[in-house]
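Residue numbers (my numbering): 22 to 189.
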């Protein structure tokens, strides 16, 4: 099964190194050989970058995320993803085709990820993370998906830019 590491921007490279360091030696050896794809931010970039990948691929998505209450610097291992649309309710699937890559590691919580089409500046949702790509990755139907999100801010665009040192 082909393995791909998916990241929105090249500036997130340091996160990949941190995740690899958390893995067992065997997993690190496998994932170190995986092709890295930088997609760009957002749903359209995800679809364009990943549409031709074989669906039987194993995907590891690593990226920054915001959270209303997790501390900055927290790792969240995603267990399911949903689109975030706080102003309307309509029937929509929850995508839960995620596999836990780093089980029971101290300092890594498990959380739902809400994917948005814009930066989230406020939310009543707690104990979750917000990103701009993961639901689109999961909706493409890959065989196995892992996702680790590093909390960069508490729903502050200014803090996100300061924390990521310029990742656009």
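Yeah, the Cβ is synthetic: ideal placement off N, Cα and C, and Gly gets one too.
* Asked: Which runs of the alpha helix (DSSP H) spanning at least 4 residues fall entirely within the segment 92-162, listed in chain order?
  -> As summarised for the segment 92-162, the continuous alpha helix (DSSP H) elements at least 4 residues long and confined to that stretch are 155-160, given in chain order.
* To do: Kindly identify the DSSP beta-bridge partner or partners of residue 86.
  => Note: residue 86 sits in a beta bridge opposite 172.
* Asked: Where does residue 74 fall in DSSP's three states?
  -> In the three-state reduction of the DSSP assignment, residue 74 falls in the coil class, being assigned neither a helical nor a strand state.
* Kindly give me the distance between the Cβ atoms of residue 146 and residue 89, rounded to whole angstroms, as I take these residues to be in contact under 8 Å. => Sure, about 6 Å apart at Cβ, within 8 Å.
* Are the beta-carbon atoms of residue 69 and residue 156 separated by less than 8 Å? -> Not in contact: residue 69 and residue 156 (Cβ atoms no closer than 8 Å).
* Taking Cβ to Cβ, would you say residue 120 is nearer than 8 Å to residue 167? -> Residue 167 is positioned such that its CB atom lies closer than 8 Å to that of residue 120.
* Asked: DSSP three-state call for residue 62: helix, strand or coil?
  -> Correct three-state label for residue 62: coil.
* **Buried or exposed (CB count within 10 angstroms, at least 16 for buried), residue 87** => Looking at its Cβ environment, which holds 16 or more other Cβ atoms inside 10 Å, residue 87 is buried.
* Asked: In terms of alpha-carbon separation, which member of 31, 49, 80 and 59 lies closest to residue 207?
  -> One cannot answer for residue 207 here, as it falls past the ends of the chain, which runs 22 to 189.
* To do: Might you give, ordered along the chain, the residues of its own chain that have their beta carbon closer than 7 Å to the beta carbon of residue 129, omitting 5 neighbours on each side?
  => Closer than 7 Å at the Cβ level, and outside the excluded window around residue 129, lie 96, 98 and 123.
* Asked: To which residues does DSSP link residue 28 through a beta bridge?
  -> Residue 28 pairs with 59.
* **One or two residues paired with residue 12 in a DSSP bridge** => A query on residue 12 cannot be resolved here, the shown segment of the chain reaching from 22 to 189 and no further.
* To do: Give the secondary structure of residue 47 by DSSP, where H, G and I count as helix, E and B as strand, and everything else as coil.
  => Of the three classes helix, strand and coil, the one that applies to residue 47 here is helix, per DSSP.
* Do three or more CB pairs link the segment 45-54 to the segment 130-150 at distances below 8 Å? -> When C-beta atoms of the segment 45-54 are compared with those of the segment 130-150, fewer than three pairs fall below 8 Å, so the two segments do not count as touching.
* Run through DSSP, which three-state label would residue 177 get? -> Reduced to three states, the DSSP call for residue 177 is coil.
* From the DSSP output, in three-state form, read off residue 23 for me. => Assigned with DSSP and collapsed to three states, residue 23 falls in coil, not helix or strand.
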